[in-house]
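Be aware that the sequence shown starts at 0, since it is given in numbering that gives the first Met the number 0, and climbs by one per residue.
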Amino acid sequence: MGFKWNPFSKSKEPKEPLPLEQYEAAEQKKIFGLVNKQEAKLLAIAGTGFLLDSYDLFIINLVTPILSYLYWGGLEGHEDYPSGIRGLVNAGTNIGNIMGQLIFGFLGDFFGRQFVYGKEMMLVIISTILLISLPDRLPTPLDKSMWLFTFRVLLGIGIGGDYPMSASITSEQSMIHRRGALLSWIFSNQGWGTLVGCIATLVILACYRTSLEVHGDYHKLDGVWRIQFGIALLPAFLVLIPRLRMKESKQFKDSKNVHALNEAETNSQTDDLKKNQETFTSADLPQPVDTAKATEKTSGSVQVEPRDNSFMASKEPPSDKAEQQDQEQVKSGSTFVAYFSEWRHLRLLLGSAISWFLLDIAFYGVNLNQSVILNEMGFNSGKNQYRKLQRNAIGNLIIAIAGYVPGYWATVFLIEKMGRKWIQIQGFAICSLLFAVLAGKWHTISTAGRFVCIALAQFFFNFGPNTTTFVYPAEVFPSRVRAFSHGICAASGKAGAILSGLLFNKLTEVIGFDKVLWIFFACMILGIIFSLLLPETAGRDADLVDRLEIVAMQQGKDSIIDRSEKWAWWKHGI
0 MGFKWNPFSK SKEPKEPLPL EQYEAAEQKK IFGLVNKQEA KLLAIAGTGF LLDSYDLFII
60 NLVTPILSYL YWGGLEGHED YPSGIRGLVN AGTNIGNIMG QLIFGFLGDF FGRQFVYGKE
120 MMLVIISTIL LISLPDRLPT PLDKSMWLFT FRVLLGIGIG GDYPMSASIT SEQSMIHRRG
180 ALLSWIFSNQ GWGTLVGCIA TLVILACYRT SLEVHGDYHK LDGVWRIQFG IALLPAFLVL
240 IPRLRMKESK QFKDSKNVHA LNEAETNSQT DDLKKNQETF TSADLPQPVD TAKATEKTSG
300 SVQVEPRDNS FMASKEPPSD KAEQQDQEQV KSGSTFVAYF SEWRHLRLLL GSAISWFLLD
360 IAFYGVNLNQ SVILNEMGFN SGKNQYRKLQ RNAIGNLIIA IAGYVPGYWA TVFLIEKMGR
420 KWIQIQGFAI CSLLFAVLAG KWHTISTAGR FVCIALAQFF FNFGPNTTTF VYPAEVFPSR
480 VRAFSHGICA ASGKAGAILS GLLFNKLTEV IGFDKVLWIF FACMILGIIF SLLLPETAGR
540 DADLVDRLEI VAMQQGKDSI IDRSEKWAWW KHGI
């Protein structure tokens with residue numbers, strides 16, 4: 000008899016493996032809801048890109064006043080930093096994000112996760128080095144701004160590529176009952192990036208205090224902003240090698256081969272699946288069986304085999320012809336087009352992408368311009384430039400601690416209990432209420448009242464759609480189209496961020512800040528409507544749904560969903 004390994008046996012004698020239900024129960028009891036060693040490695044490797052994304056977002060928010068002082072006459076008392084140029088520099092990373100999300104998302108499905116992962120971090124490192132190497136000999140402020148813009152775009156391509164890659168890898172290497180929490184945990188690194196950005200700025204300013212405040216040598220600020228950007232190199236270098244050594248997920252390989260199976264094999268394997276596992280019907284669509292395997296340690300990499308998808312691969316290897324046809328289909332992109340040619344799939348893409356777009360108009364409108372908002376509140380006052388920069392950093396830090404970071408962690412701990420859809424819709428709803436209050440009472444509400452509303456909005460952005468719009472594309476689409484689909488959704492979000500970044504300052508000048516807040520209110524209301532297109536994905540295995548849809552089509556059935564069941568519109572989307 001062959002060797003049987005039981006990961007929970009204290010005896011040296013081999014025993015039969017535990018059933019799935021016992022394995023998951025033991026795993027949950029063992030870690031008390033916290034991550035185990037392999038999950039911690041995955042979180043560290045995949046989460047770094049989101050820390051860098053948020054760090055860059057908030058650093059440019061804190062660097063903008065410095066650039067104004069140094070290059071646009073702020074130190075001479077005739078500051079003239081054009082709103083268009085300022086918006087372009089601020090939006091540079093988001094412009095690059097769109098390209099990176101689409102390019103790396105497509106390449107991730109085309110070549111596989113293993114081949115692509117890590118290349119985006121190499122781009123982040125190269126672009127950051129070039130960014131902080133801004134030559135002093137460039138003659139005009141416009142030339143300097145264009146240098147910063149160019150390499151912030153390149154930086155954005157690298158950071159953008161991390162969205163579809165890290166989301167897909169995490170989704171495919173997580174157990175279903177913990178997948179949402181792990182995806183949220185990875186995305187919550189944006190909160191730490193914000194916090195690190197604020198603290199780093201305060202520490203750097205403290206180091207330069209003598210030169211800046213005592214001696215009044217504000218040209219030393221040139222070193223401050225370079226250090227602020229350069230700090231991002233440390234985590235980027237730390238995770239580069241582990242990313243390059245990450246192995247391909249079994250789930251992705253199985254999903255790519257799903258169309259190489261013939262109809263007879265498909266029907267036979269699906270019958271076996273229904274006999275040996277829970278029946279997957281519309282009544283229990285959000286709760287498919289999780290067939291988790293034990294983790295496998297590899298040197299310098301994380302290989303977590305979350306589900307036994309052997310039913311998705313042929314019992315006999317597909318013929319060379321079938322395999323070649325499948326590879327040609329995947330590589331030509333016809334798989335993606337064919338999948339989204341059906342409304343039931345296209346509505347998921349529209350719901351995910353448009354919700355993210357609407358969210359980021361408001362989210363980045365606030366966060367890219369938080370220093371401007373703090374100035375509108377009168378929080379950035381100070382007797383000199385040093386004190387103004389310090390107050391600006393402190394204001395951002397307070398908002399991060401009070402609302403931004405706690406919002407992420409509320410999602411991490413509650414997403415598996417409350418579900419993705421409820422968290423997303425309640426976040427949109429509460430933010431719309433807060434923006435309505437701010438817009439209607441902006442000129443009469445106290446500074447403290449404004450501050451509280453902004454902090455609460457940050458909390459419900461993150462305990463709401465800012466996190467769930469990232470989680471949804473990683474869970475609702477099957478592995479064979481997941482990376483590119485996630486890239487499209489993320490790029491839609493960044494399009495909203497760019498729109499907000501380029502127009503916020505101009506609209507504030509033309510119609511006033513309170514009217515801009517009404518625009519944010521409208522975006523939140525529309526976000527609620529488009530969120531109704533989406534199903535609840537807690538416990539949902541998109542690859543299993545994909546497989547059963549193929550079987551249903553072969554059997555002449557239109558859908559595997561029973562629309563007559565109670566709450567079908569909520570569980571499966573309208």
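No residue lacks a Cβ here, since even glycine has one placed at the ideal position from N, Cα and C.
Quantities reported herein were computed from a predicted structural model and do not represent experimental measurements.
Does DSSP put residue i in a helix, a strand or coil?
i    : result
E564 : coil
I627 : The first residue shown for the chain is 0 and the last is 573, placing residue 627 beyond what the model contains.
K382 : coil
R390 : helix
Q423 : helix
Y217 : helix
W441 : coil
E548 : helix
F339 : helix
K556 : coil
E535 : coil
P241 : helix
W355 : helix
R208 : helix
I84  : helix
Y403 : helix
Q113 : helix
T294 : In this predicted model, T294 has a pLDDT of only 37, less than 50, meaning its place in the structure is not dependable enough to derive any value.
G572 : coil
G192 : helix
P163 : helix
W71  : coil
Excluding sequence positions up to five away, which residues of its chain have a Cβ less than 7 Å from the Cβ of residue i?
i    : result
A352 : I487, C488 and S491
M523 : A361, F427, C430, S431 and F434
D79  : W71 and G72
F520 : S431, F434, A435 and A438
L525 : L357
I573 : L531 and L532
Q286 : The predicted model places Q286 with a pLDDT of 45, which falls under 50 and marks its position as unreliable; any figure quoted below should be read in that light. Once the five neighbours on either side are set aside, the close Cβ partners of Q286 are G538.
I131 : R225, F228 and G229
F251 : G111, R112, E171 and S478
For residue i and residue j, what's the separation of their Cα atoms in angstroms?
i    : j    : result
V404 : Q553 : 48 Å
L182 : D216 : 46 Å
L106 : V115 : 7 Å
F186 : G229 : 22 Å
N631 : Y338 : The structure shown has nothing for residue 631, since the chain only spans 0 to 573.
I549 : G555 : 10 Å
M98  : S170 : 22 Å
E212 : C206 : 11 Å
I575 : F110 : The shown model of the chain, from 0 to 573, leaves out residue 575, and the question about it has no answer.
V411 : W184 : 6 Å
H214 : M245 : 51 Å
E508 : N374 : 14 Å
S248 : E38  : 14 Å
D221 : Y68  : 10 Å
N366 : V123 : 22 Å
L129 : W566 : 54 Å
R390 : P534 : 44 Å
F458 : Y162 : 22 Å
R208 : P64  : 17 Å
L516 : A456 : 12 Å
D542 : I444 : 51 Å
I560 : S333 : 25 Å
T466 : K514 : 26 Å
Leaving out the 5 sequence neighbours to the left and right, which residues in its chain are closer than 8 Å to residue i when beta-carbon positions are compared?
i    : result
G179 : I414, E415, R419, V470, E474, T536 and A537
S53  : N188, Q189, G190, W191, G192, T193 and G196
L50  : N188, Q189, W191, G192, V195 and P234
M121 : G157 and L239
Excluding sequence positions up to five away, which residues of its chain have a Cβ less than 6 Å from the Cβ of residue i?
i    : result
I84  : S144
G86  : G500, L501 and N504
V238 : I44 and T47
A496 : N93, D359 and Y363
V152 : G91, I94 and G95
W355 : T468, C488, S491 and G492
Is there a Cβ from chain D that is less than 8 Å from the Cβ of residue i?
i    : result
L347 : Here chain D cannot be found, since the structure has a single protein chain.
Could you check whether the stretch 83-95 touches the stretch 497-516, counting it as contact only if at least three pairs of C-beta atoms, one from each stretch, sit closer than 8 Å?
yes
May I ask you to verify whether the stretch 198-205 touches the stretch 133-143, counting CB pairs closer than 8 Å and requiring at least 3?
no
Taking one C-beta from the stretch 54-62 and one from the stretch 391-403 each time, how about it: are there three or more such pairs within less than 8 Å?
yes
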